[in-house]
Ligand SMILES: [Zn+2]
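Protein chains in written order, with this note's numbering: chain L, 1 to 434; chain V, 435 to 915.
As structure tokens, this is what we get:
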């Protein structure tokens, strides 16, 4: 069982995709018969798997072990899936390159001098290099879609609330969604059906019923948001994307431009709200109860030293920003305003789906960049999320699908965005394009 | 009344009440106050990474019931916010509380002070979770953390600065506690920290409209100490101002052993709590059905009960206050009146023998080990002269100690005035009431002895002396009517 996968796992350790290799004794193997029977799965190392280390790629949780299973893990077990590994990531899911990690920079299997994307880079690489059939990641602003685009595989961020967050270490609670990586649509829709749906352990989980996905031939009404199709897209990628759109038109789909005027505020809004939530969500790592502890004469110093030592620069940067936007005197100017903007951005999407079945945008502006290229330039790094952040603000589902490759064999992908709770429409479109 | 010369005192209180829900505010852990340290914990209440809070509907309903009882406006959409600060007893690094929309807004508490009815306006009452406890150990000179209390539900009741003296503050607190106990939403055991109080104190000149700078005394856990601490603080502030100083806004703590207050921190060091809506908890809606149910079940206010008892039962204020101190006690009083049909006797036995028994046994009225029926029977015997006052007390105590029927106890201990003549009368009465049985008995049916025995025992509630009775029944053989 899983011989090929295990072989790929053992032979690709140089990609740094895996944190815990469990393939010698896969978790839940042969436990149940279900739609995931015979499927090998990897999970990002910020999702609780009982008894297994859970570092979130951070020094502060380096020796921390999970004592319970996340809801998604329990549901994988019920559906017959086997867990083969936990995967590398950017520390606490903050980053776009899987370079901010204590487990070594994750490398892109298409070109090991390039990043795999992030924050769920390890999961993307595990699927792209055949170590597992499927992987779970978490997507707060693009952390599943962007690495799947960099690695040339399918990557889904479901509707906010679709998949229980119980057992996912929070980065920004009102954005975080567990997402799926796969090499084909069928595997993805099966895993999606197995793990989605209401969970009483997560108050933010949605009540909407999950309908089984069935493929049907149809002609789509497709919107192309102008704001996403302007300058800034790599020219070689642009050509491939344009060709793909032209093909859709010639196949008889109704493709039109649409304006989503609030798009330009997305990055600012996103970084205000997610860092605010992160500054509070990460306050629990104080060295008192668990995780790394630096010694000091008094508890306040202990917490300061522990956090200073335990968190990496990117995490510290976001905690500081979040603390600032919530401080008295700044709350109204930043947090409150960003919340209003979030509602307007959401409205942009609602309006668009009155007219269109799906929207298409690039997933990323460029092919994967070189390792180290943007480490000292956080702002440029943030801007690489420009096409994935708005859907996270709105809460709508979005799917990255591979459509081609550059001359230097780097993957080119496109992002299909669906209406709330209509992931099946995205699966259908992806299968249609296959 | 102002006993502070030219100074006017302004006091507002923040009271934390631990709600008596079965489970904690955001998880299924037991909300008992007992248990070994860290035995009532789970990933949620100790804030392990990846855990998520689940709101406890019962805590929300109990909070809303309080609001209804004190005429607050109930915000039907309950939104929790995070109050962010670091402390070793706060495992998540934030306390889940409420900020801009508390569950109860406004409201008032009426209370009696020096025989005058006064009113305190409430600002708000909001629901929040408690933190853990630090235990400083002398043995190993280390600080230990007990997280059992983490996540227990607290209702924080904030008053307007309407109180003008420490004794008013105490009277208000007493009334507030009584109101909460009437609602049965907290046990208010102050020794267990189920009711804790912060007092905001400021003073200003009598002729001034401008509020003085306030100081906050934190976490006082008895009404007596609240009164003492406030008086100490008033005197401290008067001293400063009369010596030309200025009051600095600060937080104080009261040391009950030394009976002194000291500054814990100045305002400059105050936290910026960075409140924001908790993204893990969407608003919980209280629907109109629940509001109606709470309204229907909202008991009479204690202060109204005191007034009604004074009026309906012609009680003195002090008797009425004594009886109404606990709602179950007051309810028992009304049940006694119905059973006995005499207010004065009901009051006397309640405040006399019953209260003494409760005190001696350290139990509540619900646990009274003697039934209202037996009390009524004893009173009847006393009324018809067959039970002396001292034997009444004896019988009352004996019954409270024993599971035997009252009749057995009275008989065994010979507590009723044993009047053979009257027993003879009863035997005759029974015989006369059953002429056909008498005839059969007199014509030789010996087994009817038992019938008469039973009838008479029932009539005398078992107090008849059996030997005496056997003689009298034997004598019936020659009785003629
Ligand atoms: Zn718990």
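C-beta: ideal position from N, C-alpha, C; glycine also.
Quick check on residue i: buried or exposed, where buried means 16 or more other Cβ atoms within 10 Å of its Cβ?
| i | result |
| --- | --- |
| residue 436 (chain V) | Confidence at residue 436 (chain V) is low in this model, with a pLDDT of 47, below 50, so the placement of that residue should be treated as unreliable; the coordinate-derived value is given next. Exposed. |
| residue 692 (chain V) | exposed |
| residue 396 (chain V) | There is simply no residue 396 (chain V) to check, as chain V begins at 435 and stops at 915 in what is shown. |
| residue 587 (chain V) | buried |
| residue 573 (chain V) | exposed |
| residue 796 (chain V) | exposed |
| residue 371 (chain L) | buried |
| residue 901 (chain V) | exposed |
| residue 126 (chain L) | buried |
| residue 422 (chain L) | buried |
| residue 585 (chain V) | buried |
| residue 309 (chain L) | exposed |
| residue 609 (chain V) | buried |
| residue 570 (chain V) | exposed |
| residue 555 (chain V) | exposed |
| residue 86 (chain L) | buried |
| residue 702 (chain V) | exposed |
| residue 700 (chain V) | exposed |
| residue 6 (chain L) | buried |
| residue 830 (chain V) | buried |
| residue 405 (chain V) | Because chain V in this structure spans residues 435 to 915, residue 405 (chain V) falls outside the shown range and cannot be described. |
| residue 286 (chain L) | buried |
| residue 879 (chain V) | exposed |
Quickly, what does DSSP pair residue i with across the bridge? List them, please.
| i | result |
| --- | --- |
| residue 375 (chain L) | Residue 375 (chain L) pairs with nothing; no bridge assigned. |
| residue 178 (chain L) | L:138 |
| residue 578 (chain V) | V:569 |
| residue 294 (chain L) | Residue 294 (chain L) is not bridged to any residue. |
| residue 529 (chain V) | V:517 |
| residue 82 (chain L) | L:40 |
| residue 362 (chain L) | L:414 |
| residue 169 (chain L) | Paired residue(s): none; residue 169 (chain L) is not in a bridge. |
| residue 638 (chain V) | V:442 |
| residue 223 (chain L) | L:256, L:359 |
| residue 550 (chain V) | V:547 |
| residue 626 (chain V) | According to DSSP, residue 626 (chain V) bridges with nothing at all. |
| residue 160 (chain L) | DSSP, once it has assigned bridges, lists no residue as partnering residue 160 (chain L). |
| residue 684 (chain V) | V:649, V:700 |
| residue 87 (chain L) | L:18, L:44 |
Check whether the region 253 to 261 of chain L touches the region 301 to 309 of chain L, counting contact only when three or more Cβ pairs, one atom from each stretch, lie closer than 8 Å.
The region 253 to 261 of chain L vs the region 301 to 309 of chain L: no contact.
Go through the residues and name those whose CB comes closer than 6 Å to any heavy atom of ligand 1, in chain order.
Listed by position in the chain, the residues whose beta carbon lies within less than 6 Å of some heavy atom of ligand 1 are V:458, V:461, V:463, V:475, V:476, V:478, V:479, V:585.
Relative to chain C, which residues along the region 298 to 318 of chain L have a C-beta separation below 8 Å, given in chain order?
Here chain C cannot be found, since the structure's protein chains are L and V.
On the three-pair Cβ rule with 8 Å, is the region 26 to 42 of chain L touching the region 99 to 110 of chain L?
The region 26 to 42 of chain L vs the region 99 to 110 of chain L: no contact.
Hey, is the region 516 to 530 of chain V in contact with the region 606 to 625 of chain V, meaning 3+ C-beta pairs nearer than 8 Å?
Cβ pair count under 8 Å is below three, so no.
Is the number of C-beta pairs between the region 507 to 515 of chain V and the region 715 to 735 of chain V that are closer than 8 Å three or more?
Remark: three or more beta-carbon pairs, one from each stretch, lie closer than 8 Å, so the region 507 to 515 of chain V and the region 715 to 735 of chain V are flagged as touching.
Taking three-plus beta-carbon pairs below 8 Å as touching, is the region 794 to 814 of chain V in contact with the region 762 to 779 of chain V?
In short, these stretches touch, since the Cβ pair count reaches three.
Cβ contact (3+ pairs, closer than 8 Å) linking the region 211 to 224 of chain L and the region 174 to 183 of chain L
Output reads no: the region 174 to 183 of chain L does not touch the region 211 to 224 of chain L.
With three or more beta-carbon pairs closer than 8 Å as the criterion, would you say the region 455 to 463 of chain V touches the region 379 to 392 of chain L?
When Cβ pairs closer than 8 Å are counted between the two stretches, the region 455 to 463 of chain V is seen not to touch the region 379 to 392 of chain L, the count staying below three.
Quick check: the region 123 to 138 of chain L against the region 412 to 429 of chain L, are at least 3 beta-carbon pairs closer than 8 Å?
Counting Cβ pairs under 8 Å, fewer than three are found: no touch.
Counting beta carbon pairs with one atom in the region 133 to 153 of chain L and one in the region 28 to 48 of chain L, are three or more of them shorter than 8 Å?
Contact annotation: the region 28 to 48 of chain L touches the region 133 to 153 of chain L, with at least three C-beta pairs closer than 8 Å.
Would you call the region 592 to 599 of chain V and the region 545 to 565 of chain V touching, i.e. three or more CB-CB distances under 8 Å?
Yes, the region 592 to 599 of chain V touches the region 545 to 565 of chain V.
Does the region 469 to 486 of chain V come close enough to the region 164 to 176 of chain L that 3 or more CB-CB pairs lie under 8 Å?
For the pair of segments examined, the region 164 to 176 of chain L was found to touch the region 469 to 486 of chain V: the number of CB pairs separated by less than 8 Å reaches three.
Determine contact between the region 57 to 77 of chain L and the region 186 to 206 of chain L, defined as no fewer than three beta-carbon pairs at a distance below 8 Å.
Yes, the region 57 to 77 of chain L is in contact with the region 186 to 206 of chain L.
Mind the definition here: the region 785 to 794 of chain V touches the region 813 to 824 of chain V only if three or more C-beta pairs lie below 8 Å; say whether that holds.
No, the region 785 to 794 of chain V is not in contact with the region 813 to 824 of chain V.
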